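Each remark here refers to the structure printed beneath this line.
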Ligand code: ITT
C-alpha cells in the first residue's frame with residue numbers, strides 16, 4: 272500500500288521519508304489543494320488535511336499537524352506554530368518572536384513540548400490517528416545548523432534539535448514517536 276503525504280512542507284516530507292522507509296511504509300507526494308486549517312486541535316487539523324488529500328487523489332493519505340507548546344505561554348503557539356509571526360514570516364521571524372515573548376522567563380521556567388498528530392484517512396472512510404510528544408525547553412538563543420522551524424531553540428537535554436543528527440532527532444522527536452505509533456496501529460488495522 273502506498274500513502275500520499277498530505278503536506279506542503281518539504282522538511283516534513285524529508286523527515287517522513289527517512290522515518291518511514293525503515294518501517295517499510297511507502298509514501299509519495301502529490302500536487303494537493305491548500306487546506307484551511309480551521310480546527311482548534313492538532314487532531315482536527317490533521318484530519319482536515321488527510322481527508323482533503325484522500326478525496327483529491329483517491330489514495331490513502333497521511334497528514335501531520337504539529338507545533339510547539341510553551342508552558343509559560345499557556346501552550347502557545349500550539350496549533351498556530353506555522354503562522355505565529357504572520358502569514359509570510361520566516362523561521363527566523365518566528366524564533367525571534369518566541370524568544371522576545373520569553374525574554375523575562377528564567378531557564379528553569381522555559382519548559383515546552385513539541386506535539387505531532389498523524390492522521391491517516393483511507394478511501395473507504397476509515398481513519399487512524401496517532402500522537403507523539405517530545406518534552407524539552409526553549410533555549411536562550413538559537414544554536415545549531417540542522418533541521419527546520421523551531422529546531423534551533425528547542426532543547427532536549429543539552430542539545431537543540433538543530434544540533435542533533437537526523438537519527439538522534441528522529442529517535443526522540445514528536446514526529447518519530449507519532450509515526451512509530453502509526454506503524455503499530457497500521458499493522459493492527461491491516462490484520463483486521
Ligand atoms: P503542512 O500543513 O502543509 O503539513 P505546515 O508547516 O503548515 O505544513 P503545520 O500547520 O503542522 O505544518 O505547522 C507546524 C509548524 O510547527 C511548522 O511550520 C514548524 O514551524 C513547527 N514544527 C513542526 N514540527 C517541527 C519540527 O520537527 N521542528 C521544528 N519546527 C517544527
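In my numbering, the protein residues as written are 272 to 463. We treat Cβ as the ideally placed atom computed from N, Cα and C, and that holds for glycine. For clarity, every value in this text was computed on a predicted model and none was experimentally measured.
Taking 8 Å as the cut-off, is the CB of residue i close to at least one heavy atom of the ligand ITT?
i	result
residue 318	no
residue 338	yes
residue 285	no
residue 419	yes
residue 412	no
residue 328	no
residue 445	yes
residue 280	yes
residue 308	yes
residue 322	no
residue 385	yes
residue 302	no
residue 429	no
What distance in whole Å lies between the Cβ atoms of residue j and residue i, which are believed to be in contact at a cut-off of 8 Å?
i	j	result
residue 388	residue 402	5 Å
residue 390	residue 334	5 Å
residue 337	residue 386	6 Å
residue 394	residue 329	6 Å
residue 331	residue 284	At roughly 17 Å, the Cβ-Cβ gap does not stay under 8 Å, so residue 331 and residue 284 are not in contact.
Taking the straight line between their C-alpha atoms, what separation do you get for residue i and residue j?
i	j	result
residue 363	residue 351	16 Å
residue 383	residue 272	36 Å
residue 436	residue 418	9 Å
residue 303	residue 463	30 Å
residue 359	residue 421	16 Å
residue 460	residue 346	33 Å
residue 371	residue 356	12 Å
residue 439	residue 367	25 Å
residue 300	residue 430	32 Å
Between the Cα of residue i and the Cα atoms of the options, which residue gives the shortest distance?
i	options	result
residue 376	392, 411, 390, 386	411
residue 341	369, 437, 292	369
residue 400	348, 454, 360, 421	454
residue 397	322, 292, 279, 315	322
residue 317	279, 292, 378, 290	279
Is the beta carbon of residue j closer than 9 Å to that of residue i?
i	j	result
residue 447	residue 441	yes
residue 433	residue 458	no
residue 474	residue 409	The requested residue 474 does not occur in the structure, where the chain is confined to residues 272 to 463.
residue 306	residue 319	yes
residue 339	residue 451	no
residue 277	residue 324	yes
residue 404	residue 427	no
Cβ of residue i versus every heavy atom of the ligand HEM: is any distance shorter than 8 Å?
i	result
residue 438	With respect to the ligand HEM, the structure offers nothing, as its ligand set consists of the ligand ITT.
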